[in-house]
Ligand code: NI
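In my numbering, the protein residues as written are 3 to 189.
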């Protein structure tokens, strides 16, 4: 296993429609998937699509750690070839997203709250399941990468874009306010 070099906004591979994978049960594909998982963890990401490591093929990896499972279940690392999804409700929900190909930025992105998705695993078996909340958001974000779409393209309120320094500042401020409110209650 080895780490792959990430591609960043501006690299043409991120804007191309990735090609379907016809034979996923090869040593080359297994190595690519393993490298992507390793690269995702090393970069502290929760998802990665093959174009983000310079490979224009339809493969994504992702997981939902317990720290991000507020509105969904924890999901172990998934490897999906040729993934696709359909919305299962008609409501879009805005949530904060970041992307390893756009370091430092976060923005509010509208996504379907509940989806059904399908893809093929490393063992060649079809994986089919429903997802909601953050789980559904990650899957939609990664599948977008296979169609050359970045989350920036989906932001309707551009003023929601912020740098992660400011995000950390806001989190600290919110914690402080919560702490102050608690202290006031105790007093
Ligand atoms: Ni991304």
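We put the beta carbon where it would ideally sit given N, CA and C, even for glycine.
Considered as a whole, the region 102 to 151 harbours 135 to 148 as its complete alpha helix (DSSP H) runs of no fewer than 4 residues, in chain order.
Restricting attention to 131, 113, 70, 112, the CA atom closest to the CA of residue 121 is found in 131.
Across the structure, residue 88 and residue 129 are spaced so that their CA atoms are roughly 14 Å apart. For residue 63, the enclosing beta strand (DSSP E) has its first and last residue at 61 to 66. The C-beta of residue 174 has fewer than 16 other C-beta atoms within 10 Å across all chains shown, which makes the residue exposed. Of 142, 74, 146, 162, the smallest CA-CA separation from residue 98 is found for 162. DSSP places residue 96 in the strand class (E or B) of the three-state scheme.
Going by DSSP, residue 55 is part of no alpha helix (DSSP H) at all; its letter is neither H nor E. Rounded to whole angstroms, the Cβ separation of residue 138 and residue 116 is 6 Å, and the two are in contact under 8 Å.
CA-CA distance, residue 158 to residue 12, rounds to 21 Å. Per the coordinates, the alpha-carbon of residue 75 lies some 9 Å from the alpha-carbon of residue 136. Annotated as distal: residue 79 and residue 35, with beta-carbon spacing of 7 Å or more. Taken through DSSP and simplified to helix, strand or coil, residue 164 comes out as strand.
Selection 18, 165, 55 evaluated against residue 39 yields 55 as nearest (Cα-Cα). In this structure, the beta-carbon distance from residue 6 to residue 37 falls below 7 Å.
In this structure, the C-beta of residue 101 approaches the ligand NI to less than 6 Å from one of its heavy atoms. Residue burial is scored here from C-beta neighbours: residue 3 has fewer than 16 other C-beta atoms within 10 angstroms and is therefore classed as exposed.
Residue range 77 to 89 is occupied by the beta strand (DSSP E) that includes residue 82. Contact check for residue 23 against residue 64 fails: the beta carbons are separated by 7 Å or more.
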